[in-house]
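Using this note's numbering, the final residue of the sequence shown is 180, and nothing's skipped along the way. Built from N, CA and C at the ideal position, the CB exists for glycine as well. For reference, the structure is listed below as structure tokens.
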Amino acid sequence: MRRWTAWKLAVSAFVLFHMTATLVWVVPDSAVKATMFPWFRSYMIPLALWQAWGMFAPEPVQTSYTLEAEVSDAKGISRIYEFPKVADLPWWEKMPKFRYPKLAANLAVDEFKPLREVAARHAVRSLSVEPKSFPVTVQLYYQVVKPPPFGTSQVDRMTPPTIETMAAFQFDSWDEVHRR
Numbered sequence: 001m002r003r004w005t006a007w008k009l010a011v012s013a014f015v016l017f018h019m020t021a022t023l024v025w026v027v028p029d030s031a032v033k034a035t036m037f038p039w040f041r042s043y044m045i046p047l048a049l050w051q052a053w054g055m056f057a058p059e060p061v062q063t064s065y066t067l068e069a070e071v072s073d074a075k076g077i078s079r080i081y082e083f084p085k086v087a088d089l090p091w092w093e094k095m096p097k098f099r100y101p102k103l104a105a106n107l108a109v110d111e112f113k114p115l116r117e118v119a120a121r122h123a124v125r126s127l128s129v130e131p132k133s134f135p136v137t138v139q140l141y142y143q144v145v146k147p148p149p150f151g152t153s154q155v156d157r158m159t160p161p162t163i164e165t166m167a168a169f170q171f172d173s174w175d176e177v178h179r180r
């Protein structure tokens with residue numbers, strides 16, 4: 001009987017914590033939010049549980065973002081890492097990765113600034129840059145595609161995307177990129 005009570009108490013505590021974190025995340029800016037927000041950031045951001053209102057009026061997001069990284073090594077060789085595009089995947093691969101576009105779209109927001117370095121390290125690891133090629137510099141950027149003009153249904157594919165640089169990092173050693 002005590003074991004069951006302890007389990008119910010633990011589950012209830014977790015649900016209360018999660019609901020409080022979600023509520024703090026979505027309430028308008030206030031003194032309470034400013035005080036409590038840091039407590040929940042390390043829970044909400046890594047799990048991609050945050051909420052945002054960018055899809056709603058009066059100013060919904062109007063553009064498509066593709067996150068990429070240019071990695072240049074000590075030898076002058078540049079490589080491009082394209083972060084996963086979930087829209088290009090079959091449905092069975094989309095399901096576990098449905099939060100990727102959310103991270104990519106929100107990485108430019110200041111509160112996600114610490115994750116930019118994590119994304120840069122991921123790009124270097126994914127490109128398998130060898131230890132002898134360090135130091136490397138990583139430039140994170142968006143390729144931004146504007147929506148089609150009102151009244152039309154397709155974007156002119158000949159119009160090049162706009163490049164918006166987000167951040168740049170330098171990693172001096174292989175160990176610096178691979179540390180946890």
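Assumed close pair residue i, residue j - CB separation to whole angstroms, cut-off 8 Å
| i | j | result |
| --- | --- | --- |
| valine 124 | phenylalanine 171 | 6 Å |
| lysine 75 | serine 128 | The pair is not a contact, with the Cβ atoms about 15 Å apart (cut-off 8 Å). |
Residue i, DSSP secondary structure in three states
| i | result |
| --- | --- |
| methionine 166 | strand |
| glutamate 82 | strand |
| phenylalanine 40 | helix |
| phenylalanine 171 | strand |
Residue of the options minimising C-alpha distance to residue i
| i | options | result |
| --- | --- | --- |
| arginine 79 | Glu130, Trp7, Trp25 and Val109 | Glu130 |
| alanine 21 | Ala104, Thr35, Gly151 and Thr152 | Thr35 |
| alanine 105 | Gln143, Gly76 and Leu89 | Gln143 |
| tyrosine 141 | His18, Asp175, Pro149 and Tyr81 | Tyr81 |
| isoleucine 163 | Ala87, Pro149, Leu23 and Glu70 | Glu70 |
Inter-residue Cα distance where the pair is residue i and residue j
| i | j | result |
| --- | --- | --- |
| leucine 257 | lysine 102 | Here the chain covers residues 1 to 180 and nothing more, so residue 257 does not appear. |
| glutamate 68 | valine 145 | 14 Å |
| proline 161 | threonine 63 | 10 Å |
| proline 135 | phenylalanine 83 | 22 Å |
| valine 86 | methionine 44 | 21 Å |
| lysine 94 | tyrosine 65 | 17 Å |
Bridge-paired residues (DSSP) for residue i
| i | result |
| --- | --- |
| tyrosine 141 | Glu68 and Thr165 |
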